[in-house]
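Student: The opening position of the sequence shown corresponds to residue 578 in my numbering, with each subsequent residue numbered one higher.
First, the structure itself, so that you have it in front of you.
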Amino acid sequence: MLSLIQILLLILDIVWFIILAHVIMSWLINFQVLNLHQQLVAQIWYGLNRILEPLYGPIRRVLPAMGGLDLAPLIVLVAVYALRIILVNNAVYFY
């Protein structure tokens with residue numbers, strides 16, 4: 578059972594870093610450091626969007642319109658961190 582918890586923690590860590598990469602890349606695109614006309618940048622950007630949209634979509638439907646501010650990544654990061662805390666606290670019972 579401990580191995581299963583460690584695998585779930587690894588998956589949560591991967592999701593955490595993918596979300597951080599997506600947020601940082603969106604800032605770089607908005608500040609025109611990266612250009613979506615470059616093929617590699619566009620492929621990475623659209624790939625990250627396709628991976629993360631199932632996580633962001635339901636949250637964006639619930640959140641009110643905030644202008645240009647998207648809080649969905651922040652809420653997903655908090656949820657991932659909360660799941661990590663729950664798994665770590667419950668892993669103590671399996672030792």
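We treat Cβ as the ideally placed atom computed from N, Cα and C, and that holds for glycine.
Once DSSP output is grouped into helix, strand and coil, what is the label at His599?
Tutor: helix
Student: Across the segment 631-645 and the segment 611-619, are there enough close Cβ pairs to call them in contact, namely three or more that are closer than 8 Å?
Tutor: No: the two stretches stay apart, fewer than three of their Cβ pairs being nearer than 8 Å.
Student: Could you spell out the range, first to last residue, of the alpha helix (DSSP H) harbouring Leu646?
Tutor: Taken as a continuous stretch (DSSP letters only), Leu646 belongs to no alpha helix (DSSP H), as it is neither H nor E.
Student: What does a CB cutoff of less than 7 Å around Leu632 pick up in its chain, not counting 5 residues either side in sequence?
Tutor: Val653
Student: Is DSSP giving Val639 helix, strand or coil here?
Tutor: Judged by DSSP in its simplified three-state form, Val639 adopts helix.
Student: Give me the Cα-Cα distance between Val610 and Asn667, rounded to the nearest whole angstrom.
Tutor: One C-alpha to the other measures close to 43 Å.
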